[in-house]
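In mature numbering (1 follows the signal peptide of the UniProt record, and there is no 0), the protein residues as written are -27 to -1, 1 to 515. The C-beta atom is built at its ideal place from N, Cα and C for all residues, glycine as well. Source: prediction; values computed, not measured. Below is one structure, written out as structure tokens, with a few remarks after it.
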Amino acid sequence: MKFFNILLLPLVFLSPTFHICNHQASALPLSTDGRWIINEAGRRVKLACVNWPGHVDTMVIEGLNKQPVDAITAKISSLGFNCVRLTYASYMLTNETSNNITVRDSLHSNGLNESVASISVHNPEIIDLLLIDTFKAVVDSLARNNVMVILDNHISKPEWCCGREDGNGFFGDLYFNPDEWIKGLTKMAMTFNGVTNVIGMSLRNELRGPRENTIDWFKYMQRGAEAVHEANKNVIVIMSGLNFDTDLTFLINQTVNLSFQGKHAFEVHWYSFSNPGEWNSGNPNQVCKHIAGNVMRKAGFLLGQGFPLFMSEFGIDQRGLNIEDNRYLPCVLSILAKLDMDWALWTLQGSYYTRQGQIGTDETYSVLSYDWISVRNQTFLTLLSSLQSPLRGPGIEEVTRYKMIYHPLTGKCVLSANVGNPVMLGPCNKTEAWFYNEVELALMKGSLTFCIEAYGDGQAAKLGIICGGPSSKWSMISSSMMQLSSQLVTSGNNTLCLDVGSDGRTLVTNQCLCLDGSPKCDPESQWFKLVTSTRKTISMNS
């Protein structure tokens, strides 16, 4: 079967449905309540963030040579992101040379004369600021657009991140002096104490390398957390794991010992290249089950222990040409939806001043295009928008628990229909309250029960009222447990699965894909995730 690449679909099938998140700036600062992040009113706030780097060679936040800072921050808000994970290098705060140079000086020292000229045009008020003052200016601009900020200590010595043996990976490495690191965290926390939209500080990005061990993790991460909290009691302290922030299993039997409560969370990263080759060579049903299971085993268990878990990096090549990324994306989105996780997409920047010795490098994982004006892939952002609003949590208990039938390949949900009409995909904020009793996909309207019925191979699935027969019975099958199989018997005894028709909207039943374990197939159009929600939707309001 030809791969169904959602990233290259015409937008007529995927009209934008951005939900501009309620930033609730008046209810800051934030805290934690069990696995949830909440505001001062006790209502859940979902972090729907995008990464914006300032840790690379120049230590100047990327893109200021392309557009005015207020234009960039307004764009971030308009795309539905309520938060930025703003990365920085410790040297900006602790190195005697770096913490006293201006943007102009830093760019000149890296041979970036054109960038000096461009920032002088787009952001003349910034070009002669100290590096740390540039961060203040960007944070202020984000505040004006109601965007929250997480300050992420990405690295010590400024450079592209990350290598296993780059000297920046773990406590005691060449550029990673623990005392200097604590000094930098403290200074950053004090600098932004009282800045209300700075709601969190991530202690360190992607700990890694031959030195990594759990004894030093507990020793230094707890010291770092205490130092940040002492300097700034408003921020949530975010702690990363080992092995490029993919492994937190050491917390299963030993928890962190901190003097404060309600102000710390954990983070995890997940990319297709976290498991190199698997998405390309394996059966997508089996690979998704295996890798998602590993993510849950190594990090997701923290949600069950009552801690917030922030997926602070995930992303794809937004050109839509990477098969591994395209197969990985519906899998990771299904988990983000099911768990209703806080997240930060990698990444915002369409380009870099310089990266690994190359001036003006393009970033294919970016939200923004190379010119920082337009978006790189509108379809992807539309897909992502369904995950920007909270589905449940404190203050979101608006209706009795129900199921959304979420289609991760499109970011849409199954909507209701008139009896006898085809069932369609549409915006998740218009879903009905479905329920699934391991047999029927049904919903209640008044005293009547309506169910989704199959009519045959290649035929549209319709909303019916005769529930209980073979045509209205569905089972979750395949390794991924995301394919809904009809019990309707066809003339050829083929197994039929719920699928999306050629128009990208109408639900149909087609022969189930990839059940034989073959790696040369793509079942993602038949993936549906049953997601629990207590949020009132537009259809419920009406």
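- Spanning the alpha carbons of A14 and R137 requires a straight line of approximately 43 Å.
- By the CB criterion at 8 Å, R365 and T468 fall outside the cutoff.
- For A116, the secondary structure class from DSSP, reduced to helix, strand or coil, is helix.
- Between the alpha carbons of D335 and S324 lies a gap of roughly 5 Å.
- Residue pairing of M121 in beta bridges, as defined by DSSP: C56.
- Counting along the chain, H95 sits inside no beta strand (DSSP E); it lies in the alpha helix (DSSP H) bounded by residues N86 to H95.
- In this structure, R181 and C135 form a Cβ contact; the two beta carbons are roughly 6 Å apart against a cut-off of 8 Å.
- By the neighbour-count criterion, in which a residue is buried when 16 or more other Cβ atoms sit within 10 angstroms of its Cβ, L147 is exposed.
- Going by beta carbons, C470 and P257 fall outside the 8 Å limit.
- Secondary structure in the stretch 386 to 436: the beta strand (DSSP E) runs of 3 residues or longer, each lying completely within the stretch, are 407 to 409, 414 to 418 and 421 to 426 in chain order.
- Pairwise C-beta distances place the stretch 58 to 67 out of contact with the stretch 290 to 304, as fewer than three of them are shorter than 8 Å.
- With a cut-off of 8 Å on Cβ pairs, the stretch 145 to 163 is in contact with the stretch 125 to 134, counting three or more such pairs.
- Between the beta-carbon of S339 and that of L321 there is about 6 Å, and that keeps the pair under the 8 Å contact cut.
- Taking 8 Å as the cut-off, the beta carbon of I211 is found closer than this to the beta carbon of F239.
- Measuring C-alpha to C-alpha distances from V481 to each of P492, G442, I425 and F223 identifies I425 as the nearest.
- Here the stretch 35 to 47 makes no contact with the stretch 382 to 392; the two share fewer than three CB pairs at distances below 8 Å.
- Taking a cut-off of 8 Å for Cβ pairs, the stretch 438 to 446 and the stretch 399 to 406 do not touch, as fewer than three such pairs fall below it.
- Under DSSP, D335 forms a beta bridge with S324.
- Straight-line measurement puts the Cα of V201 at about 44 Å from the Cα of E405.
- By the CB criterion at 8 Å, E185 and F143 fall inside the cutoff.
- In its chain, beyond the 5 residues on either side, V412 and Q460 have a beta carbon closer than 6 Å to the beta carbon of K446.
- Nearest C-alpha to C56 among T107, L80, L318 and N38: L318.
- In this model, S213 and D430 are separated by some 48 Å (Cα to Cα).
- The closest CA to that of F54, considering only A272, L102 and M121, is found on M121.
- Within a 10 Å sphere around the beta-carbon of S475 sit fewer than 16 other beta-carbons, which makes this residue exposed.
- By the criterion of a C-beta distance shorter than 7 Å, M455 is surrounded in its chain by S307, W500, F501 and K502, once the five residues flanking it on both sides are discounted.
- Taking each of S4, W9 and S342 in turn and checking the Cα distance to G279, the smallest one comes out for W9.
- DSSP links D315 through a beta bridge to F283.
- With a cutoff of 8 Å on beta-carbon distance, T222 and K262 are scored as not near each other.
- Per DSSP, the continuous alpha helix (DSSP H) segment holding F353 begins and ends at Q351 to S358.
- Our two residues, L414 and S444, have alpha carbons roughly 11 Å apart in a direct line.
- As for any alpha helix (DSSP H) of minimum length 4 sitting wholly inside the stretch 126 to 198, the runs are 151 to 164, ordered along the chain.
- In this structure, the straight-line span from the alpha carbon of K206 to that of S420 is close to 52 Å.
- Boundaries of the beta strand (DSSP E) around E240: H237 to H242.
- With 16 or more other Cβ atoms inside 10 Å of its own Cβ, M314 counts as buried.
- The C-alpha of H237 lies about 31 Å from the C-alpha of F353.
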